[in-house]
Structures are given as structure tokens and as C-alpha cells.
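**Student:** Residue numbers (full-length UniProt numbering): 1 to 318.
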Amino acid sequence: MNGGNHSVVSEFFLLGLTSSREIQIFLFLFFTVFYVASMLGNILIMLTIISDHRLHFPMYFLLANLSFIDTGVSSIATPKMIYDLFRKHKVISLKGCITQMFFIHTVGGTEMVLLIVMAYDRYIAICKPLYYLNIMSLRMCTSFTAVAWTIGLIHSVAQLAFVVNLPFCGPNKIDSFYCDFPRFIKLACTDTYRLEFLVTANSGFISMGTFFILMVSYIFILVTVCKHSSAGPSKALSTLTAHVTVVVFFFGPCIIVYVWPFPTLPIDKFLAIFDALITPFMNPVIYTFRNKDMKVAMRRLFLKALNFSEIFPQRILF
């Protein structure tokens, strides 16, 4: 059968993570806690940065954008995954599947570019501190953010353009808790070898390339700090180790899933949990809660909220 819009399959069945009732209960609690903590943490970061003028600097502008992206990353697949845990028939429509893939790759591609921008921001701050505010101006940060979203959108649309009209007339079971290109393409009633290579080239090599750029940039920053810092390598390592950890957690599963996705590995769906849930949870902890200025700003925000809650009832009474 040739390509074209000849689909007779209108929905797909997601096989999920496990059929064991005991494990499902554990996963429900685990996913719910991490999802709620991730959403609250990232929303708190955005509110803190927006409300505190002392944090209106390039680094925090980029952190707020990262938190905004992470709220999207967490919300694309996780709520449905939690909802589907105890359902016998986990169903998603064809349009819903395509929509899910579109948003996953848009925000995923955007986050990849934003992480590079954040590494560049740290490079300028450490290696060229006198020129930092001139180089990383608000206009430049806004431009970087716009470029990140544009690249993420192009990355996603470039893949969808080739798969949106694939014919589906046979199996409609996806061995995962969400839709993604490797398993989705496998179900098409046509030769998909070229599309498989396209996904590998687009998602896999982009993931590897971005990961390589970030690792090189962090090594360069580390060497620079070691040369110019009296504290020596230990302080530089403590500063960058957390950032490298997030990068590894984010890009590791992407590289494994997309560099050799055909045939898909059973562990792929478990690795996807890191990108869908763990990384958005870790970003606030590592990038923000370890930051002294952010902790002070959050304390001020809590005090303002507490004072407001004490004054507001009095106003109502009078």
C-alpha cells in the first residue's frame, strides 16, 4: 500500500507500563507526587522571578523560561499516564496521538536549545564578567528564547509532515504510555524505512549533537574556572556537577530511544519517564533551589503572601 490518507484506524490502545495491580498502585503514588511537586516547584520559580525585581537578570529570565517549558513537559503525557494506570482499556485517538507527539517534540526541541543558551550564559558570566550585561541583554535573551521556540517548532513539524498522512489499517496497540514517532511509525501499513531513518537523523542526531555541545561547553567552563579561581577545581566541580546531572538525565534517554529506535526496546518506555517526569522535577531543585539568591527571593515571596493573608481577613471584617 502506498502512502496517503487511507487510514481505517481511528484510535490506538496504549499498553502502559505494567498490568500488576500492586505496581500500578506504587506507580500511581510515585507519579502523582512527582508530578504535583514538579508543577508546584516550576510555578513557584516563575512567580518568584516575575515578582522580585532583584531577579530581573538574564540568568533568571532563562530559568523562568526553563520552568515554563518544564510545566509543559510534565503536562503533555503525565496526567493521562496517571489517569490510565487503573484503566483496562487505555485509548487515545489518532488525532490525539499526533497532537501529543507535536507538543512533545516542540517543547523537547525548545528545551534542548534553551539548555545551550543557558550554558552560553554561564560561559559569558564566568569568562567575560565585565561584558555580561552588555552581551546578555534583555533583547538578546528574548531573541535567544524566540529562536529556541522556533527551532523546537521546526523540529516537530518537520517530522509530523511526513507521518501525519501515514495509512493505518492493521495493529493499533502501542507498547507505551504515550505516543511517540518510533512506535507510531511501526504501525503504519506501508514501508517506513525512510521515515525511520528520518526520525533517527532528526531526533537522535540532534540529541547527540546538543549533548556533545553542552558537554564541551561545561568542560571549557570548568577549565576556565579552575585557572582563574583561587578555590580550585573542587568549587568549579560543585558548581557544574548538578548542571551536568540534569543534562545527562535529559539527553540520556533521548539518545537511547532515538539513535537506535528500530526495533524499539522494551526499556524505552521506562526511560521516557525520566524526560516526562523526573527531569522537570529535578530542574527546579538543581538549577534553582541550590541558588542562594533564589532561596532568599522565595523567602520574601512567602513573607509577602503570609502578610497579605493576615491583612486581607481584617479588611473583610471592616
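Don't be surprised by glycine CBs; every beta carbon is placed ideally from N, CA and C.
Going by the CB atoms, is the gap between residue 13 and residue 91 shorter than 7 Å?
**Tutor:** Yes, the Cβ-Cβ distance between residue 91 and residue 13 is below 7 Å.
**Student:** Tell me the residue span of the beta strand (DSSP E) that contains residue 14.
**Tutor:** 11 to 14 is the extent of the beta strand (DSSP E) around residue 14.
**Student:** Using three-state DSSP, classify residue 217 as helix, strand or coil.
**Tutor:** Three-state DSSP puts residue 217 in a helix.
**Student:** Taking the straight line between their C-alpha atoms, what separation do you get for residue 43 and residue 276?
**Tutor:** About 17 Å.
**Student:** Which of helix, strand or coil does DSSP assign to residue 88?
**Tutor:** In the structure shown, residue 88 sits in coil (DSSP, three-state: anything other than H, G, I, E or B).
**Student:** Which whole-angstrom value describes the C-beta separation of residue 60 and residue 49, a residue pair presumed to lie in contact below a C-beta threshold of 8 Å?
**Tutor:** About 5 Å separates the two Cβ atoms, so the contact holds.
**Student:** By how many angstroms is the C-alpha of residue 96 removed from the C-alpha of residue 16?
**Tutor:** So the two alpha carbons sit approximately 16 Å from each other.
**Student:** Taking the alpha helix (DSSP H) that residue 29 falls in, what are its first and last residues?
**Tutor:** Looking at the DSSP string, the run of the alpha helix (DSSP H) that includes residue 29 is 21 to 51.
**Student:** Per DSSP, what kind of secondary structure is residue 267 in: helix, strand or coil?
**Tutor:** Three-state result, residue 267: coil.
**Student:** Please go through the same chain and pick out, in chain order, the residues whose beta-carbon is closer than 7 Å to the beta-carbon of residue 57, but skip the five residues on each side of it.
**Tutor:** Nothing meets the Cβ criterion.
**Student:** Since I believe residue 51 is in contact with residue 301 (beta carbons under 8 Å), could you give me their beta-carbon distance rounded to a whole number of angstroms?
**Tutor:** Residue 301 to residue 51, Cβ: 6 Å. Contact.
**Student:** Secondary structure at residue 93, three-state DSSP: helix, strand or coil?
**Tutor:** Strand, per DSSP.
**Student:** Grab me the residues of residue 288's own chain with a C-beta within less than 7 Å of its C-beta, minus the 5 sequence neighbours each way, in chain order.
**Tutor:** The residues are 45, 63, 294.
**Student:** Which whole-angstrom value describes the C-beta separation of residue 123 and residue 217, a residue pair presumed to lie in contact below a C-beta threshold of 8 Å?
**Tutor:** At roughly 6 Å, the Cβ-Cβ gap stays under 8 Å, so residue 123 and residue 217 are in contact.
**Student:** What do you get for residue 4, buried or exposed, if any count of 16 or more other CB atoms within 10 angstroms of its CB means buried?
**Tutor:** For residue 4, the predicted model reports a pLDDT of 46, less than 50, meaning its position is unreliable; a value from the coordinates is still stated below. Under this definition residue 4 is an exposed residue.
**Student:** Could you tell me if residue 241 is buried or exposed, where buried requires 16 or more neighbouring beta carbons within 10 angstroms of its beta carbon?
**Tutor:** Looking at its Cβ environment, which holds fewer than 16 other Cβ atoms inside 10 Å, residue 241 is exposed.
**Student:** Closest by CA to residue 67, which one among 110, 79, 249, 126?
**Tutor:** Residue 110 is the option with its Cα nearest to residue 67.
**Student:** My output table needs one value for residue 186: the three-state DSSP class, helix, strand or coil.
**Tutor:** It is helical.
**Student:** Is residue 305 buried or exposed, if buried means 16 or more other CB atoms sit within 10 Å of its CB?
**Tutor:** Exposed, because fewer than 16 other Cβ atoms sit within 10 Å of the Cβ of residue 305.
**Student:** Are residue 160 and residue 205 closer than 7 Å when you measure CB to CB?
**Tutor:** Taking 7 Å as the Cβ cut-off, residue 160 and residue 205 do not qualify as a contacting pair.
**Student:** Note down, one range per segment and in chain order, each alpha helix (DSSP H) of at least 4 residues found wholly within the segment 81 to 158.
**Tutor:** As far as the segment 81 to 158 is concerned, its whole alpha helix (DSSP H) runs of at least 4 residues are 94 to 127, 132 to 135.
**Student:** With the cut-off set at 7 Å, would you say residue 55 and residue 119 are in Cβ contact?
**Tutor:** No.
**Student:** Which first and last residues belong to the alpha helix (DSSP H) in which residue 283 is found?
**Tutor:** Taken as a continuous stretch (DSSP letters only), the alpha helix (DSSP H) holding residue 283 covers 279 to 283.
**Student:** In the DSSP assignment, find the unbroken alpha helix (DSSP H) run with residue 195 in it and report its ends.
**Tutor:** Start and end: 193 to 199.
**Student:** Can you check which of these residues, 180, 255, 258, 248, is closest to residue 286 by C-alpha distance?
**Tutor:** If we check each option's Cα against that of residue 286, 248 comes out closest.
**Student:** With which residues is residue 173 paired in a DSSP beta bridge?
**Tutor:** Paired residue(s): 13.
**Student:** Which whole-angstrom value is the C-beta distance of residue 171 and residue 199, which I expect to be below 8 Å?
**Tutor:** Incorrect: roughly 19 Å between the Cβ atoms, too far for contact.
**Student:** If you draw a straight line from the C-alpha of residue 227 to the C-alpha of residue 128, how long is it?
**Tutor:** Answer to the nearest angstrom: the Cα atoms are 14 Å apart.
**Student:** Is it buried or exposed, residue 284, if we count other Cβ atoms within 10 angstroms and call 16 or more buried?
**Tutor:** By the 10 Å Cβ count, residue 284 comes out buried.
**Student:** Can you find the residues in the same chain that come closer than 7 Å, C-beta to C-beta, to residue 224, ignoring five residues on each side of it along the sequence?
**Tutor:** Same-chain partners within the cutoff: 126, 127.
**Student:** So, for residue 41: in the same chain, excluding its five sequence neighbours on each side, which residues have a beta-carbon less than 6 Å away from its beta-carbon?
**Tutor:** Answer for residue 41: 284, listed in chain order.
**Student:** Among 10, 8, 78, 267, which has the Cα closest to the Cα of residue 36?
**Tutor:** Nearest of 10, 8, 78, 267 to residue 36, Cα basis: 78.
**Student:** State the DSSP-derived secondary structure class of residue 55, mapped to helix, strand or coil.
**Tutor:** Here residue 55 sits in helix by DSSP.
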